[in-house]
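Residue numbers (this note's numbering): 4 to 701. Where a beta carbon is used, it is the ideal one built from N, C-alpha and C, also for glycine. Since we're looking at a predicted model, the values are computed, not measured. The structure appears right after this line, and notes come after that.
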């Protein structure tokens with residue numbers, strides 16, 4: 004298989020994925036079982052390890068084969084241990100933990116970045132992100148992209164946010180101060196675990212963790228007295244115990260040596276590092292011998308005050324004035340000189356200084372080895388430290404969501420297991436913030452229920468707010484299921500298992516797909532994956548092809564979702580025939596449009612020529628169908644030349660008249676076709692004669 008072939012890329016659907024082929028033998032069960040078992044056995048040091056192995060070997064054969072291949076691959080980078088500490092495997096099940104939000108939905112709803120310059124500003128994440136720490140920010144990003152499905156977990160988060168929002172206790176203020184300006188301890192702990200950290204980084208991270216442990220330990224009495232949220236209590240009370248091991252490692256280290264990266268002086272007490280102690284004793288022994296040799300040198304030079312000198316890192320040199328050089332032994336070696344003095348090493352110093360440097364080099368190697376062992380030992384606490392950091396990140400996220408709830412007219416949503424989305428005067432969370440204090444955003448309500456009206460067909464003029472409205476409903480649903488307050492007066496949200504969107508229009512040159520192909524590919528994926536518990540959003544499906552084909556596809560697709568999928572659906576369209584589905588499914592479907600006012604151009608009254616109407620957008624969701632889209636109004640706003648607009652308006656009027664005539668004909672002759680007696684025929688004839696006969700000319 005060619006990894007870069009179009010067929011392959013279409014299957015993986017992302018050209019950024021790198022695929023490497025491995026020999027088939029690595030996937031054979033006999034070989035894989037041996038590799039996997041050997042890998043597990045290395046980590047068995049206690050009963051827990053034995054239990055871990057027994058739970059691992061009962062995995063299904065395909066899982067073991069895949070794991071063995073992954074183990075072999077990671078070993079090349081010395082990263083295989085990420086699978087072994089802790090040796091814990093989670094069995095996959097059919098039960099979903101998080102709402103399904105695919106890449107298309109992330110992009111269409113602008114959850115992580117806007118679609119203009121791909122920056123965070125203007126996204127849902129930007130609105131929600133008031134975190135103090137980098138690891139809290141990453142945790143919040145995970146929450147936003149993985150809304151919860153478990154009602155109890157959602158309410159636990161909401162309870163925590165509510166308490167932070169309303170509590171007068173100083174506990175939360177103290178915790179927020181502790182979080183402020185924390186380094187990225189999550190990445191620091193990970194760097195330590197993989198032995199990629201410097202001594203300075205290690206000391207900084209461990210010292211930070213120790214201070215956090217002490218600070219949270221001091222908060223325990225106040226937390227027990229004033230914090231009611233079970234989630235917050237669990238997070239706060241567990242942190243000191245999870246961070247308890249760091250104190251031992253901090254006491255071992257010499258702070259100054261750690262900050263400058265001197266591993267030879269890094270450890271205060273060498274009783275736990277016998278190899279370093281032995282090497283330092285040997286170094287001290289050689290140094291003492293060289294110092295004793297100084298007495299002999301003084302006798303030779305007949306100078307009782309003679310001392311060794313060190314210049315440019317060269318040690319134990321004997322400095323002699325140039326006028327007295329003739330008095331020194333001939334076997335002394337000259338190692339440097341100036342205009343005034345010369346410096347020498349005696350044969351004894353040459354030999355022992357060489358030995359001393361060898362021991363020092365060996366000490367550096369020994370210290371590096373002991374440092375790696377020290378990190379390995381510290382890594383045994385990796386899981387507990389990660390749990391503590393995750394608790395801190397979650398607390399940071401809860402504080403962030405509480406700040407969001409304070410910034411405007413937000414309410415606590417009510418979550419249910421039923422299929423419904425009821426929002427009273429909801430607002431688009433991003434647009435609401437971008438407009439700021441101007442207070443120009445028009446709130447809109449939503450009432451979808453699986454037992455009654457579950458589909459909204461939305462029409463209306465271009466730029467009337469249709470897309471913003473349907474995005475608003477989706478974003479409020481996401482916010483509710485991550486445990487956030489929402490921008491509305493009231494909100495009742497039934498748990499949604501996935502949000503699927505088909506919005507926008509763009510081709511994909513890399514994949515060789517046209518705009519319409521992209522449109523239908525996304526639609527097909529929604530059809531395959533959406534369930535009755537999903538929220539489906541489709542914006543102008545079918546606009547990438549001819550009018551007739553577009554109407555047919557839009558009509559058939561929406562009817563499929565109404566009849567078979569039964570999901571909560573928001574369907575935006577400019578095709579009036581699609582709105583007729585309300586007649587066939589009156590209990591499940593409702594027609595709506597974005598309100599507007601139409602004012603005719605005054606110049607039309609003077610010249611008699613057709614001209615685009617002035618449309619005033621009301622941005623209010625309203626019952627009923629909008630018969631026209633008023634696209635020429637948008638063209639006028641876009642500064643299309645007036646001459647072109649007048650021609651377009653004239654042509655639009657002509658085509659609209661033609662369509663209306665055909666509609667009247669169809670209605671008239673359909674009624675005629677059903678007539679079965681003379682009386683009804685005479686009545687139809689009278690009505691026919693009253694119609695404008697020009698409409699029926701051929």
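For the 9 Å CB-CB criterion, residue 83 and residue 39 do not form a contact. For the pair residue 413 and residue 172, the Cα-to-Cα distance works out to about 22 Å. In this structure, residue 422 places its C-beta atom within 9 Å of the C-beta atom of residue 453. At the C-beta level, residue 133 and residue 170 stay beyond 9 Å of one another. Between residue 309 and residue 324, the gap from beta carbon to beta carbon reaches 9 Å or more. In the DSSP assignment, residue 155 falls within the alpha helix (DSSP H) that extends over 154-169.
CA-CA distance, residue 227 to residue 149, rounds to 31 Å.
Contact check between the segment 387-397 and the segment 140-148: three or more CB pairs, one atom from each, fall below 8 Å, which counts as touching. For residue 623, the three-state secondary structure derived from DSSP is strand.
Residue 351 and residue 330 have their C-alpha atoms some 18 Å from each other. Rounded to whole angstroms, the separation of the alpha carbons of residue 81 and residue 35 is 19 Å. Here residue 484 is near residue 102, since their CB atoms are less than 9 Å apart. Residue 283 sits buried, since 16 or more C-beta atoms from the chains shown fall within 10 Å of its C-beta. Shown here, residue 180 sits in a helix according to DSSP, grouped into three states. Per DSSP, the continuous beta strand (DSSP E) segment holding residue 423 begins and ends at 423-429. In the same chain as residue 157, and ignoring 5 residues on each side of it, the C-beta atoms closer than 7 Å to its own belong to 151, 418, 484, 486, in chain order. Assigned with DSSP and collapsed to three states, residue 413 falls in coil, not helix or strand. The segment 121-139 and the segment 564-584 do not touch, with fewer than three beta-carbon pairs separated by less than 8 Å.
Secondary structure of residue 372 (DSSP, three-state): helix.
In the DSSP annotation of this structure, the continuous segment of the beta strand (DSSP E) that includes residue 344 starts and ends at 344-348. For residue 246, there is no enclosing beta strand (DSSP E), as DSSP gives it neither H nor E. A direct Cα-Cα distance of roughly 26 Å separates residue 681 from residue 664. The beta carbon of residue 362 is closer than 7 Å to those of 282, 285, 286, 289 in its chain, skipping five residues each way along the sequence.
Around the beta carbon of residue 274, fewer than 16 other beta carbons sit within 10 angstroms, so the residue counts as exposed. In chain order, 415 place their CB closer than 7 Å to the CB of residue 165, counting only its own chain and leaving out the 5 sequence neighbours on each side. In the three-state reduction of the DSSP assignment, residue 667 falls in the helix class, which pools H, G and I.
Residue pairing of residue 541 in beta bridges, as defined by DSSP: 505, 574. Bridge pairing for residue 323: 345 [DSSP]. When rounded, the separation of the alpha-carbon atoms in residue 677 and residue 686 is 13 Å. Rounded to whole angstroms, the Cβ separation of residue 575 and residue 542 is 5 Å, and the two are in contact under 8 Å.
Residue 379 has its alpha-carbon roughly 22 Å from the corresponding atom of residue 73.
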